[in-house]
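Encoded as structure tokens, the structure appears first; notes follow it.
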Amino acid sequence: MNDYLDTPQGRRIAYNHQKGKGPGIVFLGGFKSDMTGTKALHLHDWARGQGRGFLRFDYSGHGDSSGEFEDGCIGEWFADAAAVLTSLTTGPQVLVGSSMGGWIALLLARAMPQRVAGLVTIAAAPDFSEQGYWAGFTEAQRDTVIRDGRIEIPSEYGDEPYVITRKLIENGREHLVMNQPLPLPLPTRFLQGTADEDVPVKWALDLLDHAEGEDIRLTLVKGADHRFSSDACLRLIEGAVTEVVPQ
Numbered sequence: 088m089n090d091y092l093d094t095p096q097g098r099r100i101a102y103n104h105q106k107g108k109g110p111g112i113v114f115l116g117g118f119k120s121d122m123t124g125t126k127a128l129h130l131h132d133w134a135r136g137q138g139r140g141f142l143r144f145d146y147s148g149h150g151d152s153s154g155e156f157e158d159g160c161i162g163e164w165f166a167d168a169a170a171v172l173t174s175l176t177t178g179p180q181v182l183v184g185s186s187m188g189g190w191i192a193l194l195l196a197r198a199m200p201q202r203v204a205g206l207v208t209i210a211a212a213p214d215f216s217e218q219g220y221w222a223g224f225t226e227a228q229r230d231t232v233i234r235d236g237r238i239e240i241p242s243e244y245g246d247e248p249y250v251i252t253r254k255l256i257e258n259g260r261e262h263l264v265m266n267q268p269l270p271l272p273l274p275t276r277f278l279q280g281t282a283d284e285d286v287p288v289k290w291a292l293d294l295l296d297h298a299e300g301e302d303i304r305l306t307l308v309k310g311a312d313h314r315f316s317s318d319a320c321l322r323l324i325e326g327a328v329t330e331v332v333p334q
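See the structure below:
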């Protein structure tokens, strides 16, 4: 059974909060995913076994939260995550960000470092609206986005295409993290599969090079895809979270 948080922006965010010892873990899902994904549920059960607090939620326009996916953008989803973090948790938390959730986790760590005890990203996709979609669009596709405000992109993860909007592109430019200093003065672990067809390994290497901090590590897993949900990958996520939880 989900609970709901009404944010200052008037959005209703569905969440599931498991109580336990701190610092708790906050899971940040990916683009057009929800809190019932394999990694979120696995970490929920793992955290329960550890007696640790665990919070997962749906961004607006995702899962059981209010709003339409097409109407959303990085800034709004970041605001949703910030509202969840500040309203539902106390003290520093460990952020686990998957794909787009990695970008949002980096934004949170930059905006409110005092609330982040550690950071784990899984196939992090910082700035993906710009360095992924916009950079990869043809001139004709860019013209379509500007003229129509949207374009449909086939999805490998379901029957419905992804709708990439002009709002997503333009708002994403206001929240880039790879074009300015990115201090991460906290234990940080980046996880990345070499067979990921959505997030190139180069992005992970660029992020490692760009981020500033004394305890930052990148683990590459040969053959792992974007889902990063095999038993071995899930154990790696557990290990990464254990490493960044303050002892």
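Number 135 in the numbering used here belongs to position 48 of the sequence shown; there are no gaps in the numbering.
Backbone N, C-alpha and C fix where the C-beta goes; we use that ideal spot for every residue, glycine too.
Does the distance from the C-beta atom of residue i to that of residue j stay below 8 Å?
i, j, result
"residue 319", "residue 282", "no"
"residue 209", "residue 144", "no"
"residue 180", "residue 202", "yes"
"residue 236", "residue 225", "no"
"residue 171", "residue 142", "yes"
"residue 294", "residue 213", "yes"
"residue 206", "residue 92", "no"
"residue 136", "residue 146", "no"
"residue 156", "residue 162", "no"
Mapping the DSSP letters down to three states, classify residue i as helix, strand or coil.
i, result
"residue 104", "strand"
"residue 98", "coil"
"residue 311", "coil"
"residue 211", "coil"
"residue 306", "strand"
"residue 281", "coil"
"residue 273", "coil"
"residue 299", "strand"
Could you tell me which of the options sits nearest to residue i, measuring between CA atoms?
i, options, result
"residue 177", "224, 260 and 111", "111"
"residue 42", "95, 322, 259 and 292", "Look at the range of the chain in this structure, 88 to 334, and you will see that residue 42 is not part of it."
"residue 230", "109, 285, 273 and 256", "256"
"residue 301", "276, 313, 314 and 173", "276"
"residue 326", "291, 274, 288 and 196", "274"
"residue 313", "115, 123, 211 and 134", "211"
3-residue-minimum beta strand (DSSP E) runs that sit fully inside the stretch 176 to 255, ordered along the chain = 180 to 185, 203 to 209, 237 to 240 and 249 to 252
Along the chain, which unbroken stretches of the beta strand (DSSP E) at least 3 residues long are found entirely within the stretch 114 to 167?
-> 139 to 144
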